[in-house]
Amino acid sequence: MNNTMHNTESMMAAIDGITLPIILLDRMGAICNFNLGAATLFGITAKHAVGKNINALCSDITMPDVNVQGNTQTYELKARITRTSKSHWLRITSSKAPNVEDSSVLMIIRDITNEIESRKQQNLFQTVTDYFDKALMILDCDYKVIQINKAFTNIFGYTSSEIYGLRPRDKLFKETISPEDERKIDVFNATKEPFDFTVSTLTKTNQEVWANFTCSQMSEDWVIDEKAYYVVFISDVTQAKQLEELKRVGLTMLSTSDPLKAFTSFASIYAPPLLNGLQPKFAMLNGQSFSASRVNELSKAHYVHYSKIPDLHPWLKSFAKDKLIYSTPLTSKSGRLIGLILLPVVHPERLDEHQIEALTILAQLGGLALQHHGALTKIDRLTQYDSLTGLFNSRYMEQFVHQELSKNTDEVAVISLGICNLELITEPCGSQAADRVILETAKRLKTTAGRASHISRAESGEFFLVTKLMDMDSLRMLCEVLLGSTTQVLEVNEYSIEIETCAGIAFGQAENFKALCDQAHIAKNRAHIGTYGFFDEGMNGVSKERLLLSYSLKKAINDSQLKLFYQPQVCLKTMRVMGVEALARWYSPEHGNVSPEKFIQLAEKIGEIDRVSMWAIKAACEQMAYWRTIGVSVPTVSVNLSQLNLNIDGLDQYVDRILKSYHLPASCLILELTETATSELTPSKMTMILALRDIGVRLSMDDFGTGFSTLANLASLPVSEIKIDKSFVQAIATDERFNVLVSSIIDMGNKLGLTVVAEGVESKQQLDLLRSYNCPIIQGFIYSKAVTADELTLLVKKNAFNSKIKGIPCASPRSQYDRFTQMPELYFNRTPL
5 MNNTMHNTES
15 MMAAIDGITL
25 PIILLDRMGA
35 ICNFNLGAAT
45 LFGITAKHAV
55 GKNINALCSD
65 ITMPDVNVQG
75 NTQTYELKAR
85 ITRTSKSHWL
95 RITSSKAPNV
105 EDSSVLMIIR
115 DITNEIESRK
125 QQNLFQTVTD
135 YFDKALMILD
145 CDYKVIQINK
155 AFTNIFGYTS
165 SEIYGLRPRD
175 KLFKETISPE
185 DERKIDVFNA
195 TKEPFDFTVS
205 TLTKTNQEVW
215 ANFTCSQMSE
225 DWVIDEKAYY
235 VVFISDVTQA
245 KQLEELKRVG
255 LTMLSTSDPL
265 KAFTSFASIY
275 APPLLNGLQP
285 KFAMLNGQSF
295 SASRVNELSK
305 AHYVHYSKIP
315 DLHPWLKSFA
325 KDKLIYSTPL
335 TSKSGRLIGL
345 ILLPVVHPER
355 LDEHQIEALT
365 ILAQLGGLAL
375 QHHGALTKID
385 RLTQYDSLTG
395 LFNSRYMEQF
405 VHQELSKNTD
415 EVAVISLGIC
425 NLELITEPCG
435 SQAADRVILE
445 TAKRLKTTAG
455 RASHISRAES
465 GEFFLVTKLM
475 DMDSLRMLCE
485 VLLGSTTQVL
495 EVNEYSIEIE
505 TCAGIAFGQA
515 ENFKALCDQA
525 HIAKNRAHIG
535 TYGFFDEGMN
545 GVSKERLLLS
555 YSLKKAINDS
565 QLKLFYQPQV
575 CLKTMRVMGV
585 EALARWYSPE
595 HGNVSPEKFI
605 QLAEKIGEID
615 RVSMWAIKAA
625 CEQMAYWRTI
635 GVSVPTVSVN
645 LSQLNLNIDG
655 LDQYVDRILK
665 SYHLPASCLI
675 LELTETATSE
685 LTPSKMTMIL
695 ALRDIGVRLS
705 MDDFGTGFST
715 LANLASLPVS
725 EIKIDKSFVQ
735 AIATDERFNV
745 LVSSIIDMGN
755 KLGLTVVAEG
765 VESKQQLDLL
775 RSYNCPIIQG
785 FIYSKAVTAD
795 ELTLLVKKNA
805 FNSKIKGIPC
815 ASPRSQYDRF
825 TQMPELYFNR
835 TPL
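Just so we're aligned: 195 in my numbering is position 191 of the sequence shown, and the numbers increase by one with no gaps anywhere.
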């Protein structure tokens with residue numbers, strides 16, 4: 005007994021030193037001992053508590069039977085303290101008292117009221133955040149996850165236990181953060197200013213999700229032990245990224261040579277993943293007419309039963325009767341309905357907003373593809389066909405013969421047929437009557453010649469017919485039939501016009517087509533009205549003239565008779581000179597003023613074009629260096645190249661050497677190649693073009709619109725500039741088709757990042773139209789003809805171009821080009837600049 009009392013006293017002495025409430029009960033529930041922590045909790049001293057039953061302190065606490073339940077029991081309860089009348093949440097741990105022989109119970113009590121309240125607040129916070137649409141993470145000061153919500157689990161698949169204690173960067177991010185976003189994080193660490201970034205992430209099942217993270221530091225109320233916490237809101241932007249990618253890829257396909265075909269292929273690949281695997285169909289409304297109310301209905305995106313859609317696509321016939329179609333309109337730039345995008349939808353399902361947005365983007369891209377297709381078709385039509393008759397033009401006929409006819413036949417016959425009295429018709433009857441005569445003649449030629457022949461219109465009233473070479477009798481018969489069908493009377497207004505024609509025939513190798521056309525033309529000019537003639541070498545007096553001219557040209561090159569004149573290129577916004585084009589001029593003492601077209605073509609044929617071009621490059625660079633020395637602002641000079649020059653071995657090294665010898669940057673020199681030349685590039689010529697580009701020389705595509713380039717070819721060539729042919733520019737004020745063509749070229753050039761120059765601008769009306777098309781640079785007589793270097797120097801110093809456009813004539817001397825042709829000795833004896 006004494007031993008038991010001693011053990012009890014020893015244990016109570018130890019308990020009194022503990023701040024946690026501890027009570028020793030006997031087996032009847034009476035208090036044997038009571039430490040200071042218990043006194044504080046129950047509001048009663050040990051002296052008054054000892055001997056009382058535990059229920060006297062708190063009726064909610066019961067005496068546990070530790071012998072039945074085991075040595076230790078722990079439970080939580082909400083208890084009302086009798087003395088203080090306050091309710092507390094208590095966690096009670098009961099066990100048999102150690103070193104005591106009777107059934108005494110040791111009860112350890114913890115006041116967990118604050119803990120329970122904190123737990124409630126946390127549960128409430130979790131409940132509230134689970135209602136958020138956006139995913140949410142709470143991070144501790146080490147950027148480790150301490151809480152997420154249901155939206156986070158819905159996006160990424162991770163539960164709380166799987167993500168807690170981890171850094172999001174280590175678990176979620178698929179790729180490294182961009183340098184820009186890294187800088188944002190550094191700024192956030194330094195300033196704690198909110199920031200956001202978008203990055204590719206991976207879900208628990210390794211699915212890619214594009215997510216936008218918005219990070220900010222939580223308020224000061226959440227700063228614990230001087231450690232901050234951070235809240236991160238997360239939005240799933242995968243669908244927005246997919247739509248963005250749809251737009252980006254869709255716009256790139258518009259630069260192909262066949263945008264409509266490219267768009268159809270693109271849509272078949274990119275659309276199904278955004279539309280639950282469904283494949284949209286495209287129905288064009290070509291030639292179909294509907295009532296105004298029907299057009300209004302089809303012009304809106306809507307759900308419609310398949311039976312109410314016009315039978316626009318064979319695919320509709322296979323539809324089940326329970327199918328709905330979501331119809332999205334394709335419209336032109338003017339808003340005209342041109343087609344539909346049709347997507348099957350299983351009733352009663354509906355498309356979500358992102359799927360509808362995807363269809364809307366597809367419709368916009370489809371409309372753009374159709375517009376570009378139409379523009380390219382118009383460009384092809386205008387560049388390949390004569391606008392009045394619809395026949396091949398001369399350029400396209402030559403291309404066609406070389407690319408098509410020469411594959412199937414070695415020899416061809418070329419017939420030149422001309423309207424002999426066209427000028428006599430134009431004078432009394434007017435140009436419209438002349439056009440009617442030309443158009444009617446073209447119709448009769450097409451009807452008579454049949455499909456075995458190909459016809460082009462050359463200048464004015466001359467036509468060329470090309471056919472496979474046949475026997476002489478058949479050729480004679482064909483000519484007689486052609487003349488018979490075209491030499492007839494035509495009624496135009498009140499006039500009865502008798503059309504008079506004649507023809508010339510030449511035949512030979514298809515590869516010599518241009519020469520055959522010249523020969524047929526000569527034979528036609530020798531023929532009488534209503535007759536035809538064959539070409540023979542006796543007619544070719546041109547050959548003698550060409551021989552004499554060739555000799556004079558070689559002498560002119562050796563004696564430096566060729567001179568460079570310069571035509572300014574003016575920026576429409578600043579009205580300042582942006583560059584000049586160097587143009588070769590030749591005044592021959594024997595032949596007079598020889599046109600550049602004539603002597604350049606002759607130089608190509610007699611093998612002197614390389615010397616001419618290399619001289620022009622050197623002379624232009626020499627002049628540029630002089631302008632820089634005297635402070636005349638001429639940023640660039642353009643020099644024309646023949647495609648034959650691209651065969652010069654070491655041309656790039658020659659150009660580089662010339663530029664360095666005059667201390668000029670390569671960017672100040674622009675080399676111009678015609679569009680036709682760039683469409684016929686061999687691999688070796690392309691290599692030379694790339695070599696010129698690599699030394700820094702800029703390349704320009706001259707006469708753009710007259711050749712056979714496609715947008716794909718344009719995008720693949722290293723050109724930085726396109727020059728719209730003057731024949732197109734001069735027609736924009738009178739012909740709506742050329743108006744559309746030129747505006748399309750400018751728009752496409754600007755979008756491709758190319759400098760666009762309009763050549764041959766002569767009138768204020770042309771200038772105003774080009775300005776409305778956002779054409780950056782203009783070249784033409786409205787500013788200045790090609791002038792000598794001295795005259796251009798005066799124009800630049802006086803900045804005379806503004807006054808020209810305002811209608812105030814420039815104070816400049818009489819054209820030096822006129823004086824050049826009249827008194828060439830004044831120029832040939834001068835020391836070059």
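All C-beta atoms, glycine included, are put in the ideal place defined by N, C-alpha and C.
### Query
Sorted by chain position, which residues of the same chain lie with C-beta nearer than 7 Å to Y162's C-beta, five sequence neighbours on each side aside?
K208
### Query
When you compare only the Cα positions, how much space is there between I342 and I365?
16 Å
### Query
Taking DSSP as the reference, what is the three-state secondary structure of G339?
coil
#### Entry: Sequence-distant residues of its chain with Cβ nearer than 8 Å to R87 (five each side left out)
F46, G47, I48 and L61
### Query
If V496 and A437 are in contact, beta carbons under 8 Å, what's the gap, nearest whole angstrom?
5 Å
### Query
Which of helix, strand or coil does DSSP assign to L494?
strand
### Query
Going by Cα to Cα distance, which pick from S637, V109 and K472 is closest to C36?
V109
#### Entry: Simplified DSSP assignment, three categories, for F511
strand
### First and last residue of the uninterrupted alpha helix (DSSP H) at R399
S398 to F404
### Message
Measuring CB atoms only, is the region 355-374 touching the region 267-279, in the sense that at least three cross pairs come out at less than 8 Å?
### Response
yes
### Query
If you draw a straight line from the alpha carbon of I526 to that of K577, how long is it in whole angstroms?
49 Å
### Task
Verify whether the separation of the beta carbon atoms of C575 and T535 is less than 8 Å.
no
### Query
In three-state terms, what does DSSP make of G47?
coil
#### Entry: Rounded Cβ spacing between P263 and A373 (contact assumed at less than 8 Å)
4 Å
### Query
What do you reckon, are the CB atoms on L94 and M67 nearer than 8 Å?
no
### Query
Grouping DSSP H, G and I as helix and E and B as strand, with all else coil, what is C521?
helix
### Query
Which one or two residues does DSSP pair with H458 in a beta bridge?
V470
### Message
Looking at the secondary structure, which residues open and close the beta strand (DSSP E) in which T205 lies?
### Response
F199 to L206
### Message
Please state the DSSP three-state secondary structure of D146.
### Response
coil
### Task
Starting from the C-beta of M257, find all residues in its chain whose C-beta is less than 7 Å away, skip the five residues before and the five after it, and write them out in chain order.
P263, A266, F267 and F270
### Beta carbon of I58 nearer than 8 Å to that of I27
yes
### Run of the alpha helix (DSSP H) containing F267, from where it starts to where it stops
P263 to Y274
### Message
Mapping the DSSP letters down to three states, classify M543 as helix, strand or coil.
### Response
Because M543 carries a pLDDT of 46, less than 50, the predicted location of this residue cannot be relied on, and the following value inherits that uncertainty. In the structure shown, M543 sits in a helix (DSSP, three-state: H, G or I).
### Message
Please report the straight-line C-alpha distance between S848 and D706, rounded to a whole angstrom.
### Response
Here the chain has residues from 5 to 837 only, and residue 848 is not among them.
### Task
Could you tell me how far apart the beta carbons of P348 and K304 are, in whole angstroms, since I believe they sit closer than 8 Å?
Their Cβ separation, rounded to whole angstroms, is 19 Å, which puts P348 and K304 out of contact at 8 Å.
### Task
Evaluate the contact criterion for the region 562-574 versus the region 791-801: three or more CB pairs, one atom per stretch, below 8 Å.
yes
### Continuous alpha helix (DSSP H) stretch holding H376: start and end
E357 to Q388
### Task
Go ahead and pull the three-state DSSP assignment for V708.
The question names Val, but residue 708 in the sequence shown is Phe. Residue state, collapsed to three classes: strand.
### Query
If we ignore side chains and look at the alpha-carbon of each, how far apart do L473 and A514 end up?
10 Å
### Task
Please classify L428: is it buried, with 16 or more other beta-carbons within 10 angstroms of its beta-carbon, or exposed?
exposed
#### Entry: Exposure label - R156; buried when at least 16 CB within 10 Å
Contrary to the premise, residue 156 reads as Phe rather than Arg in this sequence. By the 10 Å Cβ count, F156 comes out buried.
#### Entry: As assigned by DSSP and simplified to three states, the class of L334
strand
### Task
Decide yes or no for the touch test of the region 590-607 against the region 622-630: beta carbon pairs closer than 8 Å, at least 3 of them.
no
### Query
Between which two residues does the alpha helix (DSSP H) harbouring F156 extend?
K154 to F160
### Task
Have a look at R580, L520, L557 and T133 and flag the residue whose alpha-carbon is nearest the alpha-carbon of V800.
R580
### Task
Taking V203 and F177 to be in contact with their CB atoms under 8 Å, please state how far apart those CB atoms are, rounded to whole angstroms.
6 Å
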